[in-house]
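Numbering (the numbering used here), first residue to last: 145 to 641.
Positions of the beta carbon are idealized from the N, C-alpha and C atoms, including for glycine.
Just so you know, these numbers come straight off a predicted model, no measurement behind them.
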Ligand code: C2O
Ligand code: CU
């Protein structure tokens with residue numbers, strides 16, 4: 145099997161799923177060479193060969209069950225601190241049915257194992273870098289001291305280990321973790337270095353939201369493939385990478401058998417550049433309870449949910465509203481022909497007694513922020529003076545330079561002004577912000593909670609108010625379009641006490 149690093153070479157043998165869509169029967173011959181002939185019965189093919197061949201394409205949606213990522217158990221608990229071991233290494237994933245895709249993975253799987261942590265109970269993630277190049281772990285959305293933040297220059301050399309100390313001293317939130325070694329994140333996240341970090345707390349428990357098997361983290365990312373089943377990547381610094389296939393938890397637009405119960409679906413957009421517009425196929429509403437930084441003040445009915453790279457959303461879907469046997473597709477409404485299907489929910493039997501509920505009243509009261517001490521404007525733009533480089537305020541990332549100093553405990557008004565013709569999902573490490581204003585209209589209720597990433601559309605200015613708590617230290621803020629961030633749309637913030 146080709147080592148993953150070879151997959152970084154330009155594609156010699158690009159394999160587009162369009163081959164299947166265009167060729168009909170032609171794709172059948174191709175399939176037979178892929179080691180899945182047993183799954184294609186000759187007799188069945190005689191009846192509706194073209195349709196059958198399409199249905200058997202490894203890219204056909206709804207063929208596989210949604211993979212549920214394993215939960216990591218602590219290897220030990222020392223003085224109330226849970227210690228987890230994570231191996232950063234190469235692995236093989238069955239992304240396309242019957243094929244092996246080389247990946248980089250936390251513990252060798254894509255997505256990595258889910259870590260479930262608890263507010264008030266610290267954790268240590270002991271990472272070992274088993275790759276042949278530098279790597280690290282950034283806890284995206286986490287209140288984390290600078291030395292454990294996974295700053296892009298703070299990397300673990302091959303063979304090395306590092307203990308990331310996570311205080312878990314923040315409200316329940318759908319965090320995620322990923323590689324952040326500078327200049328390489330577009331590739332390393334694409335090849336698999338992402339995982340969910342689900343932080344829970346008592347307030348959230350009191351709401352009676354769905355738990356256990358009814359609480360499902362789902363990592364979305366778009367990919368493309370070579371003929372041997374390996375991921376295909378081609379760098380595009382202007383747009384960022386766009387694939388032609390949507391993966392949910394590492395499977396092509398999978399199906400999920402659901403009971404007639406209430407489900408809590410926690411979506412992470414781990415795509416390099418793709419923005420999703422999630423909608424249930426039948427136009428029914430979903431109920432959003434949380435965004436990046438945790439619970440909203442009130443649950444919110446939504447029929448369309450936009451998710452920029454790096455953003456998370458928690459949606460409740462009540463499958464009691466559907467008959468057994470119903471198949472409900474979750475669409476990406478803005479997608480191209482092959483990137484519209486995200487996954488499908490297949491409603492099974494009745495669910496027995498339901499303890500979970502959709503919160504009716506106030507779920508939380510958002511903290512009042514101090515008044516901003518100053519305001520700053522960051523222009524988002526592309527520079528071509530020395531190669532193609534994305535910039536913030538006419539500057540590309542320079543690790544030796546601190547671009548802005550702020551005082552611990554204060555807030556400022558930051559304007560992301562986007563005269564460029566691309567969207568930019570702007571992300572700040574180590575703290576959270578509130579979205580104050582959008583030049584294009586009112587800030588939607590879904591964005592009024594705590595956020596760490598916000599999409600800024602072309603010709604738009606988005607004002608946010610970061611709260612510089614809880615730690616002093618040096619952090620980065622950057623565009624989460626991964627190609628933009630790598631080249632080099634990232635600056636440094638130093639919070640001083
Ligand atoms: Cu999810 Cu600095 O990134
Ligand atoms: Cu960008």
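Any non-hydrogen atom of ligand 2 closer than 6 Å to residue i Cβ
i           : result
residue 623 : yes
residue 326 : no
residue 628 : yes
residue 400 : no
residue 633 : yes
residue 295 : no
residue 322 : no
residue 367 : no
beta-carbon residue i near ligand 1 non-hydrogen atom, thresh 6 Å
i           : result
residue 339 : no
residue 454 : yes
residue 571 : yes
residue 284 : yes
Spatial neighbours of residue i in its chain, beta-carbon cut-off 8 Å, leaving aside the 5 residues before and after
i           : result
residue 441 : 506, 507, 508, 509, 510, 592 and 593
residue 301 : 273 and 278
residue 452 : 413, 419, 567, 569, 597, 598, 599 and 624
residue 443 : 431, 432, 433, 460, 502, 503, 504 and 507
residue 304 : 272 and 273
residue 587 : 579, 580 and 581
residue 297 : 326 and 543
Sequence-distant residues of its chain with Cβ nearer than 6 Å to residue i (five each side left out)
i           : result
residue 456 : 318, 412 and 436
residue 352 : 500 and 501
residue 395 : 208 and 211
residue 638 : 546, 549 and 618
residue 541 : 632 and 634
residue 532 : 381
residue 359 : 408
residue 519 : 557
residue 581 : 607
residue 174 : Annotation note: pLDDT 33 at residue 174 (below 50); position unreliable, no value reported.
residue 573 : 293, 619 and 620
residue 450 : 421
residue 454 : 569, 571, 597 and 624
residue 205 : 397 and 485
residue 299 : 278, 280 and 325
CB-CB length for residue i against residue j, believed under 8 Å
i           : j           : result
residue 255 : residue 339 : 5 Å
residue 590 : residue 423 : The Cβ separation is near 14 Å, so there is no contact.
residue 514 : residue 208 : Wrong, their Cβ atoms sit about 50 Å apart, outside the cutoff.
residue 567 : residue 419 : 6 Å
residue 597 : residue 570 : 7 Å
residue 275 : residue 248 : 6 Å
residue 282 : residue 322 : 6 Å
residue 348 : residue 410 : Wrong, their Cβ atoms sit about 12 Å apart, outside the cutoff.
Cut-off 7 Å between Cβ atoms - residues of its own chain near residue i, not counting five sequence neighbours on either side
i           : result
residue 641 : 552 and 616
residue 185 : Note that residue 185 scores a pLDDT of 31, beneath 50, so its modelled location is shaky; the value from the coordinates is reported in the next line. Counting only Cβ-Cβ distances below 7 Å, and skipping sequence neighbours, we find nothing.
residue 554 : 514, 517 and 612
residue 165 : Reliability fails at residue 165, whose pLDDT of 40 lies under 50, so the model's placement of it is uncertain and the value that follows must be treated cautiously. Within the same chain, residue 165 has no close Cβ partners at all.
residue 476 : 390, 420, 421, 422, 483, 484 and 486
Near ligand 3: residue i beta-carbon under 6 Å from a heavy atom
i           : result
residue 475 : Ligand 3 is not among the ligands present in this structure, which contains only ligand 1 and ligand 2.
Unbroken stretches of the beta strand (DSSP E), 3 residues or longer, contained in the segment 261-341: 267-273, 282-284, 305-310 and 317-322
Is the segment 521-537 touching the segment 617-635 in the sense that three or more CB pairs, one from each, lie closer than 8 Å? Touching, yes.
Can you give, in chain order, each stretch of the beta strand (DSSP E) that sits fully within the segment 406-478 and has at least 3 residues? Taking 3 residues as the shortest admissible run, the segment 406-478 contains the following complete beta strand (DSSP E) segments, listed from N- to C-terminal end: 406-413, 420-424, 430-435, 438-446, 449-451, 456-462 and 471-476.
Decide if the segment 557-570 is in contact with the segment 596-615; the criterion is three or more beta carbon pairs, one per stretch, under 8 Å apart. yes
Would you call the segment 223-240 and the segment 261-270 in contact, with 3 or more CB pairs under 8 Å? By the C-beta criterion, the segment 223-240 is judged to be in contact with the segment 261-270, since at least 3 inter-stretch pairs fall below 8 Å.
Does the segment 626-641 touch the segment 463-477, meaning 3 or more C-beta pairs lie closer than 8 Å? The segment 463-477 makes no contact with the segment 626-641; the number of CB pairs closer than 8 Å stays below 3.
Would the segment 278-291 and the segment 305-323 be scored as touching if the rule is three or more Cβ pairs under 8 Å? Yes: at least three Cβ pairs fall under 8 Å.
Residue ranges of each alpha helix (DSSP H) run of no fewer than 4 residues wholly in the segment 335-393, ordered along the chain? 346-350
Enumerate, from N- to C-terminal direction, the unbroken alpha helix (DSSP H) stretches of 4 or more residues contained entirely within the segment 230-259. Residue ranges of uninterrupted alpha helix (DSSP H) with 4 or more members are absent from the segment 230-259; none lies entirely inside it.
Ranges of the alpha helix (DSSP H) found wholly within the segment 485-540, counting only runs of at least 4: none
Counting Cβ pairs closer than 8 Å, one from the segment 491-498 and one from the segment 426-435, do we hit at least three? no
Hey, which unbroken runs of the alpha helix (DSSP H) at 4 residues or more fall wholly within the segment 611-639? 626-630
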